[in-house]
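Participant: From first to last, the protein sequence lines stand for chains A and B. 0 is the number of the first residue of the first sequence in numbering that gives the first Met the number 0; add one for each residue after it. 0 is the number of the first residue of the second sequence in numbering that gives the first Met the number 0; add one for each residue after it.
There are 2 protein chains.
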Amino acid sequence: MYQPFKISAKLEINKNGNCFLDEKRVELLKHIRQGGSILSASKEMKMSYQQAWTIVKQLNAISPLPVVIRQRGGSNGGGGMLTPFGLKLIDSFDEMIRLHGDYLSSLEENILSCFI
Amino acid sequence: MYQPFKISAKLEINKNGNCFLDEKRVELLKHIRQGGSILSASKEMKMSYQQAWTIVKQLNAISPLPVVIRQRGGSNGGGGMLTPFGLKLIDSFDEMIRLHGDYLSSLEENILSCFI
Chain A
0 MYQPFKISAK LEINKNGNCF LDEKRVELLK HIRQGGSILS ASKEMKMSYQ
50 QAWTIVKQLN AISPLPVVIR QRGGSNGGGG MLTPFGLKLI DSFDEMIRLH
100 GDYLSSLEEN ILSCFI
Chain B
0 MYQPFKISAK LEINKNGNCF LDEKRVELLK HIRQGGSILS ASKEMKMSYQ
50 QAWTIVKQLN AISPLPVVIR QRGGSNGGGG MLTPFGLKLI DSFDEMIRLH
100 GDYLSSLEEN ILSCFI
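(1) Take residue 20 of chain B and list the residues in its own chain whose beta-carbon comes closer than 8 Å to its own, dropping the five residues that flank it on each side.
(2) Could you name the residues of chain B that residue 11 of chain A contacts, counting a contact when the two beta carbons are closer than 8 Å?
(3) My guess is that residue 28 of chain A and residue 100 of chain A are in contact by the Cβ rule of under 8 Å, so how many angstroms apart are they, rounded?
(4) Any residues in the segment 73-103 of chain B with a beta carbon nearer than 9 Å to a beta carbon of chain A? Which ones, in chain order?
(5) Please return the same chain residues whose Cβ sits closer than 6 Å to the Cβ of residue 65 of chain A, not counting the five positions on each side in sequence.
(6) Would you mind stating whether residue 6 of chain A and residue 98 of chain A have Cβ atoms separated by less than 7 Å?
(7) Note down the Cα distance separating residue 110 of chain A from residue 68 of chain B, rounded to an integer number of angstroms.
(8) Using a Cβ-Cβ distance cut-off of 7 Å, determine whether residue 3 of chain A contacts chain B.
(9) Let's test the definition: count the other Cβ atoms within 10 Å of the Cβ of residue 24 of chain B and tell me whether it reaches 16, buried, or not, exposed.
(10) So what's residue 36 of chain B in DSSP terms, helix, strand or just coil?
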C-alpha cells in the first residue's frame, strides 16, 4: 500500500525535566568512543570543544554512574574515554530507537490507514 | 519502583518531509473547533492571525481532504469551521498520543530498568 504519510518522533530520556540522552548526545558519545577524545568528537559534531565538554559534564552529573572519563595531559591532551556504563548507554539507546521505530511503523498502519 | 528517568517523544505526522500534524497544530485546530474562528484561535495560541492562517493553508494543502473551511464576511469575519475530516483528524491524533504514551511507559520499564 502506498503510504505518503509518515509518523516521526524524537526520543529523549529526561531526569527531572532535564535532558539526559537524545540522538545528538548519543552521536557525541559514539564519536568519543571512536576517536578516544572529546576534542576530536566535537570536531566531528561541528560543535566547539566547550559545547561538547558542557554536554559531557551534564551527562556525568545526571547519570547514576560516570559516562565519560576525561583524560588530561599526555600526547593525547583533552582525551576522553567511555566507561563500561557509557558503552552500555549507547547500546541501550540504539535498542530503544530500534524498538520505537518498529512501534511507529505499526502505529502508522493502525492510525494513518484511517485517513488516507 | 522509583523511576527518576522518563522517556519523552514529540510525535509528528509528515508528508514528503513536511510537517502535517504535530501537537501545536492539533491544539490550533481544537481552538478553531471551540471558537469557530481562526482569529480567536490564533489569540488563544498567542500567535498572529497570519501565522495561524499560514498553518491552516498548509494543512489544507497537504491533506487529502479539506481540514478547515474559512468563512469570509458576516458578523463573524475571519471565521473558520472544521470539516468532519478535520474533526476526525483531532480524534485520531489524540488516540495516537494516548497509544504512544502507553508504549513509552512500557519502553521505560524495559529499557531504563537496565541502568537505574
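Note that CB positions come from ideal geometry on N, CA and C, so glycine has one too. Keep in mind the model is a prediction, meaning the values are calculated, not measured.
Facilitator: With the structure as the only source:
(1) 11, 12, 58, 88, 92
(2) 6, 7, 8
(3) Their Cβ separation, rounded to whole angstroms, is 20 Å, which puts residue 28 of chain A and residue 100 of chain A out of contact at 8 Å.
(4) Residues 84, 87, 88, 91, 92, 94, 95, 98, 99, 102, 103.
(5) 59, 82
(6) no
(7) 24 Å
(8) yes
(9) buried
(10) Three-state DSSP puts residue 36 of chain B in a strand.
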